[in-house]
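This report refers to the structure that appears directly beneath it.
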Amino acid sequence: MLLTSSQVSVVLSASIVFVFTVVLFLSGYVLQQRTVHSLQAAIKPRLPKPLLAPQPMSPPTLDVKWARPIGSRPEANDILQQFMTEQALNWNRLGYAQVVREHVELCSAIMLLAELHKMRSPAKRLLLFPRAWLQNSDENHEDSELITTKRLLRTAVRRHGVTLMPMETIVDSADDTLPSSYSLASLYSLTNYERIIYLQGPGTLLDASALDSLLAFSKSEPMAAYPATPERKDLSISLLLIHPSEEDYGRLKQLRASQPMTDLDLFRKAFAAPESLISEWSLSEGNVVYESQKLRDAIEGFNATVFEEATTYVHFSDPEIPGPEYDLPFYERQALRPKNDEAGSAWSKLYEGFRQRRMEVCGLDLEYWTKPMLARSANGARGNEKAEPEL
Ligand SMILES: *[C@@H]1O[C@H](CO)[C@@H](O)[C@H](O)[C@H]1NC(C)=O
């Protein structure tokens, strides 16, 4: 059958209308999807960037060249891969943990967890502290230290989404009032979690996403510790990535019960290096853990901006200072400040930033501190490396 020209034009205009409708619909759909995606992106926790492919690594120094992250951001076609990995991840089984054994350490631990919260890390934030602190005592007779502790624990839960994990002494029926009765080994009792990152405090977190990547994309192994030196002969406790298990918890408890020892010695005895160290390529993105005292070795050309961009976590470790939570007379602080101008300003910014956040997060001023001669007790009270009870 032949169509008349008017019929042809009707069919033609009908198809044109149809095509335009489809095009309109599609463009509207695409626009809407984009809006939905950007809305989703705005409200969901930030995705960690995937780890870079294995690369040879040079030891971290303060060389300007090293102070730049190696490699580049992932290409667009990596995003799908990342999306699939993220779907398979259960962030409820990944966490950051802080372990406090005495009151003076509590604020710094909460500050670190608060930073993770602020940087929108999707992992859980866990705070381990002596169960003895929760014992009900007569409110009228509680000392001011315990009152502050209870206030800080409440703040941690309410404002920073921290999960409280009361811990037992590492050796059964040890004196639960002594900081030395508690151990980092208690991290292994958290068997509800697949992987946990522990950071040694006090410190300042500059970039949570690098740690989220490490947490998300690592294999579960009993222990992956930050190496003590670039030669990778010993583990340190500045950063631990662990897979908790009953088996390792029991083994560590037994080992610790055999004789008093520091956590560092305990972990070095229980886990062999270099097998129990974080892989070289996981650390190849820049300074994952940076010791603040190293800023004094800064060489000509050190750039504070580049340093901050390439650094994930700074551990305060200037040996003359008991910690960033202690007040230091101005001239003493000036004497310790790195001589290199740029490094000096990065150093002062770290300490000053810590002081400000301590006030914001804990409502606490710096602790009183006088001469180095008297600082021994303050130093000892930190208890990080102490195993022997004070007699
Ligand atoms: C440090 O590096 C940044 C970024 O590369 C640059 O913009 C800045 O000028 C540098 N600062 C100095 C003092 O060289």
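First residue of the sequence shown? That's 1247 in my numbering, and the numbers climb one at a time after it.
Ideal Cβ placement from N, Cα and C applies to all residues, glycine included.
Just so you know, these numbers come straight off a predicted model, no measurement behind them.
Beta-bridge partners assigned by DSSP to Phe1548: none are found. With a threshold of 16 other beta carbon atoms within 10 Å, Phe1576 falls short and is exposed. For Pro1473, the closest C-alpha among the options Phe1513, Ile1442, Trp1615 is that of Phe1513. For Asn1336, same chain residues with a beta-carbon under 8 angstroms away, outside a window of 5 residues either side, are Glu1440 in chain order.
Separation of the CB atoms of Ala1516 and Lys1479 is rounded to 16 angstroms, and the pair is thereby denied contact status at 8 angstroms. The beta carbon of His1406 lies closer than 6 angstroms to those of Leu1359, Ala1360, His1363 in the same chain, with the five residues before and after it left out. The DSSP-derived three-state label of Phe1463 is helix. It is roughly 7 angstroms from the alpha-carbon of Ser1522 to the alpha-carbon of Leu1481.
Tyr1428 counts as buried, since no fewer than 16 other beta carbons sit within 10 angstroms of its beta carbon. For Thr1423, there is no enclosing alpha helix (DSSP H), since its DSSP letter is neither H nor E. Asn1549 has its Cβ nearer than 7 angstroms to a heavy atom of ligand 1. By the C-beta criterion, the stretch 1443–1450 is judged to be in contact with the stretch 1552–1561, since at least 3 inter-stretch pairs fall below 8 angstroms. A buried status is given to Pro1568, since no fewer than 16 other beta-carbon atoms sit within 10 Å of its beta-carbon. Following the DSSP letters along the chain, one finds Lys1595 inside the alpha helix (DSSP H) bounded by residues 1587–1608. For Arg1441, the enclosing beta strand (DSSP E) covers residues 1441–1445. Here Ala1343 carries a strand assignment [DSSP, helix/strand/coil]. DSSP places Met1357 in the uninterrupted alpha helix (DSSP H) bounded by 1349–1364. At least one heavy atom of ligand 1 falls within 7 angstroms of the beta-carbon of Glu1588. For Val1607, the CB stays at least 7 angstroms from every heavy atom of ligand 1. One Cα belongs to Ser1504, the other to Arg1377, and the distance between them is close to 23 angstroms. Assignment of His1561 by DSSP, reduced to helix, strand and coil, places it in the strand class. Looking at the backbone, the Cα of Glu1414 and that of Ala1355 are separated by about 18 angstroms. The criterion of a C-beta distance shorter than 8 angstroms is satisfied by Glu1391 and His1349.
Secondary structure remark: continuous alpha helix (DSSP H) runs of at least 4 residues inside the stretch 1492–1526, in chain order: 1492–1504, 1509–1516. Under the DSSP assignment, Glu1537 falls in the beta strand (DSSP E) whose first and last residues are 1533–1537.
Val1403 has its CB no nearer than 7 angstroms to any heavy atom of ligand 1. Taking every protein chain shown into account, the CB of Tyr1614 has fewer than 16 other CB atoms within 10 angstroms, so this residue is exposed. Our two residues, Leu1510 and His1489, have alpha carbons roughly 17 angstroms apart in a direct line. For Val1408, the shortest C-beta to heavy atom distance toward ligand 1 is 7 angstroms or greater. With 16 or more other Cβ atoms inside 10 Å of its own Cβ, Asn1586 counts as buried.
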